[in-house]
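A.B. asks:
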Amino acid sequence: MGSLASKSSKMTVSKMANAQEIREFIKQAITEEKVVIFSKTYCPYCKLAKDVYELDEREDESDFQDNLAILNGFRSVPQVYINGKCIGGGTDVKNLYETGKLEPMLIG
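Going by the UniProt record's numbering, the first residue of the sequence shown is number 1, and it counts up by one from there.
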C-alpha cells in the first residue's frame, strides 16, 4: 500500500521536528550559558542589550521566534536570559541595571 501522507502533512511533520530542534536549542542555550540574548541586528531595543543570537540572520527566523513564544509567552525581541530565566527585554535590562538589580543577578 502507498503512503497516506500528503506533501503538506510531510512538511508539517518536518516543520514540527524543526520546531522541536529549535526549542531544544533554546533550552540548551539558556541552561548552559549564564546570560543569553535572542535579538535582531536592526532592533533598537535589542541594541540596549548585548547582541548574541541575531535572529534576522537565520533562515528560520520566524520559526525561532514562534518557538520563543511557545517557551516564554512572547515573540518579541530582545529576550534576555540569565541563569536560564527570561528577565525580559532591552528596557527591562536597562531598568535592572539602573536600579542596581542586574549585577547581583549576574554574580549570583
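Glycine included, each C-beta is placed from N, C-alpha and C at the ideal position.
For E32, which of helix, strand or coil comes out of DSSP?
C.D. replies: The answer is helix: DSSP assigns E32 an H, G or I state.
A.B. asks: Checking the sheet assignment: what are the DSSP bridge partners for G88?
C.D. replies: In the DSSP output, where bridge partners are listed per residue, G88 has V80.
A.B. asks: Assuming T41 contacts D56 under a Cβ cut-off of 8 Å, what Cβ separation, rounded to an integer in Å, is found between them?
C.D. replies: The pair is a contact, with the Cβ atoms about 6 Å apart (cut-off 8 Å).
A.B. asks: Run the CB neighbour count on P44, radius 10 Å, all protein chains shown included, and call it buried at 16 or more, exposed below.
C.D. replies: Its Cβ having fewer than 16 others within 10 Å, P44 is exposed.
A.B. asks: In the structure shown, what three-state DSSP assignment does E54 receive?
C.D. replies: Strand.
A.B. asks: Anyone know if the C-beta pair for V77 and C46 falls short of 7 Å?
C.D. replies: A contact, by the Cβ cut-off of 7 Å.
A.B. asks: Tell me which same chain residues have a C-beta within less than 8 Å of the C-beta of E54, skipping the five on either side of it?
C.D. replies: Closer than 8 Å at the Cβ level, and outside the excluded window around E54, lie S39, K40, T41.
A.B. asks: By Cβ distance below 6 Å, which residues in the same chain neighbour N18 in space, the five residues on each side in sequence not counted?
C.D. replies: Cβ within range, chain order: n/a, list empty.
A.B. asks: Can you give me the Cβ contacts of L68 inside the same chain, cut-off strictly under 7 Å, excluding the 5 residues immediately before and after it?
C.D. replies: These residues qualify, in order along the chain: I26, F38, R75, Q79.
A.B. asks: In whole angstroms, give me the CA-to-CA distance for G89 and A29.
C.D. replies: Cα to Cα, the separation comes out at about 17 Å.
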